[in-house]
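Only one structure is covered here, and it is reproduced in the block below.
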Amino acid sequence: MESLRRQIEKQVHSLTGASLGVLDLDQPRGDAGLFGPESMVWEVHADFTAMMVGGISALLLQMLHPLALAGVWDHSTFRQDMLGRLRRTSLFIAGTTYGGLHDAEQLIDKVRRIHLQVTGSAPDGRPYRASDPELLTWVHVSEVSQFLAGYLRYVDPQLPVAEQDRYYREVALIAERLGAQDVPQSAQAIADYLQRLRPQLLCDERTREVVRLLYAAPMPSILAKPFGNLMLQAGVDLLPDWASDLLGEQQAAWRRPLIRASVQRTANVLRWAVRNSAAQRARRRLQP
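Numbering (the numbering used here), first residue to last: -5 to 282.
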C-alpha cells in the first residue's frame, strides 16, 4: 500500500511545477509568504484535483480572447510543449501562493519582465502587449474564477459568498503586482466583468487548435494519460455554458454527472496519496 501511495504521489508531482526542481517550499522557516495559512488563497489553491480541473478550464476560457491567444500563439512554446507550459504555470501559482516572500516576489518580477517582451499583432491587425493592464486583468479573472469554480465543485460547494469574495480580494494582489488594473474583487464583480467581456470573445481556428493540442497533450507516463483525459473533460464541464458553447465543446447532460463522480473518486485517492503538496510543505515550513 505504501509503495502504491508513493507511486501515485510521484505521478502527481510529475504534472506540476514541483518536477522542475527550482522552488524550495520548505524554506525559509517561518516565512508565511504573500498570504499566509489563514488566507482563502491557501485554502482554495490547496487541492490538486480541483486546481488541475480549474487550470485546464481557465486555459480554455483565456484562449477565447483573441489578443490573449495571439500573445501565447506568437511567443510561447505551448504547441511543442503543452506539458511544460502547464508545469511552468503550476510553478508560478505554487510559488506565489505558498512560497516564501522572496521567492514569490522573484516569480512575479520574472513574469513582469517576460511580459514586456511579448508584443505583436493579432490576425485581425490589432496590436497586443502582454503587459497591457486590461489584458492582464482578463487573464487573471479567467484564471481565478475557474480555480474557485473547481474548489466549489470538488471541495466545498457550500463556501459562503463572503468567503468567495475574500478569496477574490486576496488573490487580486498578484494581478495588481503584475500590472493589472481595476481588478474585480468579489463574486458579483467577477460575474459582471465576464458578462461585459463576452462580446470580445470568439472561437477561431487557433482556438480550436488549442483544444486539439490539449486533447493530444503527452503525459509523463501511461498511468497519467487516463487522468489527463478525465481532467480535460472535467475542465470543459467546469466552463460557463456560454463558453463551452462558443468553443463547440458541449457535453451531453447524462455525461456530466459521470465526469463529476469520476473526478471526485480520483480526488479522494489523490488526497490520500499526496503528502508533500505545495500546501502541505508550506504549512510544515511554518511549524515551530
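Glycine included, every Cβ here is placed at the ideal spot set by N, Cα and C.
With burial defined as no fewer than 16 other Cβ atoms inside 10 Å of the residue's Cβ, what is the status of Leu95: buried or exposed?
Indexing the sequence shown from 1 puts residue 95 at position 101. Exposed: under 16 other Cβ atoms inside 10 Å.
In its own chain, which residues sit with a C-beta less than 8 Å from the C-beta of Arg82, not counting the 5 before and 5 after it?
Counting from one through the sequence shown, the residue named residue 82 turns up at place 88. Taken in chain order, the residues that qualify are Gly11, Leu14.
Could you work out which residue in Leu240, Arg206, Ile253, Val177 is closest to Phe72 when comparing CA atoms only?
For the purposes of this step, residue 72 is identified with residue 78 of the sequence shown, where counting begins at 1. Selected option, being the one with the closest Cα: Arg206.
In three-state terms, what does DSSP make of Thr260?
On the sequence shown, position 266 is the one that residue 260 refers to. Three-state DSSP puts Thr260 in a helix.
Checking 9 Å against the spacing of the C-beta atoms, do Ser256 and Phe42 come in under that value?
One-based indexing of the sequence shown puts residue 256 at position 262. One-based indexing of the sequence shown puts residue 42 at position 48. Cβ atoms of Ser256 and Phe42: not closer than 9 Å.
Does the beta-carbon distance from Leu172 to Leu55 come in below 9 Å?
By 1-based counting over the sequence shown, the position of residue 172 is 178. By 1-based counting over the sequence shown, the position of residue 55 is 61. Result no, Cβ atoms of Leu172 and Leu55 do not sit closer than 9 Å.
Quick one: what does DSSP say Pro121 is sitting in, helix, strand or coil?
Residue numbering aside, residue 121 sits at position 127 when the sequence shown is read from its first letter. In this structure, Pro121 counts as strand in the three-state DSSP scheme.
For Val177, collect the residues of the same chain with a Cβ closer than 8 Å to its Cβ; drop the 5 residues on either side in sequence, then sort them by chain order.
As a working note, residue 177 is residue 183 in the sequence shown. Within the same chain, Val177 has close Cβ partners Thr131, His134, Val135, Ala166, Ala169, Glu170.
Under the three-state reduction of DSSP, which class applies to Thr71: helix, strand or coil?
Indexing the sequence shown from 1 puts residue 71 at position 77. Residue state, collapsed to three classes: coil.
Just mark Ala64 as buried or exposed, buried being the case when its beta carbon has 16 or more other beta carbons within 10 Å.
By 1-based counting over the sequence shown, the position of residue 64 is 70. Answer is buried; the Cβ neighbour count reaches 16.
Between Ala26 and the rest of its own chain, which residues show a CB-CB distance below 7 Å, the 5 nearest in sequence each way excluded?
Residue numbering aside, residue 26 sits at position 32 when the sequence shown is read from its first letter. Excluding sequence neighbours, Ala26 sits near Leu280.
What whole-angstrom Cβ distance do Val285 and Ile2 have, given they're in contact under 8 Å?
For the chain, the structure presents residues -5 to 282; residue 285 sits outside this window and is missing.
Would you tell me roughly how many angstroms separate the C-alpha atoms of Met197 and Met57, rounded to the nearest one?
Taking the sequence shown and counting its residues from 1, one reaches residue 197 at position 203. Taking the sequence shown and counting its residues from 1, one reaches residue 57 at position 63. It should be pointed out that residue 197 corresponds to Cys in this sequence rather than to Met. Distance between the alpha carbons of Cys197 and Met57: 8 Å.
If I measure Cβ to Cβ from Gln258 and keep anything under 8 Å in the same chain, skipping five residues before and after, which residues do I get?
As a working note, residue 258 is residue 264 in the sequence shown. Only Tyr148 meet the Cβ criterion.
Which value, in whole angstroms, describes the spacing of the CA atoms of Ala308 and Arg120?
Nothing can be reported for residue 308: it is not among the residues displayed for the chain, which extend from -5 to 282.
DSSP has Gly30 in a bridge; who is on the other side?
Start at 1 with the first residue of the sequence shown, and residue 30 comes out as number 36. In the DSSP output, where bridge partners are listed per residue, Gly30 has none listed.
Rounding to the nearest angstrom, what Cα-Cα distance links Glu203 and Gly30 in this structure?
What you label residue 203 is simply residue 209 of the sequence shown in a count that begins at 1. What you label residue 30 is simply residue 36 of the sequence shown in a count that begins at 1. Each residue's alpha carbon lies about 39 Å from the other.
Measuring only the C-alpha atoms, how far is Pro151 from Gln182?
One-based indexing of the sequence shown puts residue 151 at position 157. One-based indexing of the sequence shown puts residue 182 at position 188. Roughly 17 Å separates the two Cα atoms.
Only counting runs of 4 or more residues, tell me where the alpha helix (DSSP H) segments fall wholly within the region 40 to 94, in order along the chain.
Correct list: 42 to 56, 60 to 69, 76 to 92.
May I have the straight-line CA-CA distance separating Leu110 from Glu128, to the nearest angstrom?
Here residue 110 is taken as the residue at index 116 of the sequence shown, counted from 1. Here residue 128 is taken as the residue at index 134 of the sequence shown, counted from 1. The alpha-carbon atoms of Leu110 and Glu128 are separated by roughly 14 Å.
So who's on the other strand from Ser115, going by DSSP bridges?
Residue mapping note: residue 115 aligns to position 121 of the sequence shown, counting from 1. DSSP, once it has assigned bridges, lists Pro121 as partnering Ser115.
Which same chain residues, not among the five before or five after Leu146, have their C-beta less than 7 Å away from its C-beta?
Numbered from 1 along the sequence shown, position 152 holds the residue referred to as residue 146. So the qualifying residues of the chain are Leu153.
Return the Cβ separation of Arg(-1) and Ala267 in integer angstroms, given the expectation that the two are a contact with Cβ distance under 8 Å.
For the purposes of this step, residue -1 is taken as residue 5 along the sequence shown, with counting starting at 1. For the purposes of this step, residue 267 is taken as residue 273 along the sequence shown, with counting starting at 1. Their Cβ separation, rounded to whole angstroms, is 5 Å, which keeps Arg(-1) and Ala267 in contact under 8 Å.
Is the separation between the beta-carbon of Pro60 and that of Leu195 shorter than 9 Å?
For this step, residue 60 is matched to residue 66 along the sequence shown. For this step, residue 195 is matched to residue 201 along the sequence shown. Cβ distance < 9 Å, so Pro60 and Leu195 count as in contact.
Candidates Leu240, Asp235, Val112: which alpha carbon is nearest Asp126's?
Taking the first residue of the sequence shown as 1, we reach residue 126 at position 132. Closest option to Asp126, Cα to Cα, is Val112.
Comparing alpha-carbon positions, which option in Val16, Leu28, Pro22 lies nearest Glu164?
Within the sequence shown, residue 164 is the residue found at index 170, counting from 1. That would be Leu28, whose Cα lies nearest to the Cα of Glu164.
Could you pull out every residue in the same chain whose Cβ sits closer than 8 Å to the Cβ of Ile102, ignoring the five residues on either side in sequence?
For the purposes of this step, residue 102 is identified with residue 108 of the sequence shown, where counting begins at 1. Excluding positions up to five away in sequence, the list reads Thr90, Ile168, Arg171, Leu172.
Among Pro193, Arg192, Asp159, whose alpha-carbon lies nearest the alpha-carbon of Gln179?
Numbered from its first residue, the sequence shown carries residue 179 at position 185. Of the candidates Pro193, Arg192, Asp159, the one whose C-alpha sits nearest the C-alpha of Gln179 is Asp159.
Label Ser139 either buried or exposed according to how many other C-beta atoms from any shown protein chain fall within 10 Å of its C-beta, with 16 as the threshold for buried.
For the purposes of this step, residue 139 is taken as the residue at position 145 of the sequence shown. Buried, since its Cβ has 16 or more Cβ neighbours within 10 Å.
Taking the C-alpha atoms as reference points, what is the distance between Phe221 and Pro212?
Here residue 221 refers to the residue found at position 227 of the sequence shown. Here residue 212 refers to the residue found at position 218 of the sequence shown. Roughly 12 Å separates the two Cα atoms.
Under three-state DSSP, which class holds Ala23?
Residue numbering aside, residue 23 sits at position 29 when the sequence shown is read from its first letter. A quick correction: the sequence has Arg, not Ala, at residue 23. Looking at Arg23 - three-state DSSP - the assignment turns out to be coil, as it is neither helix nor strand.
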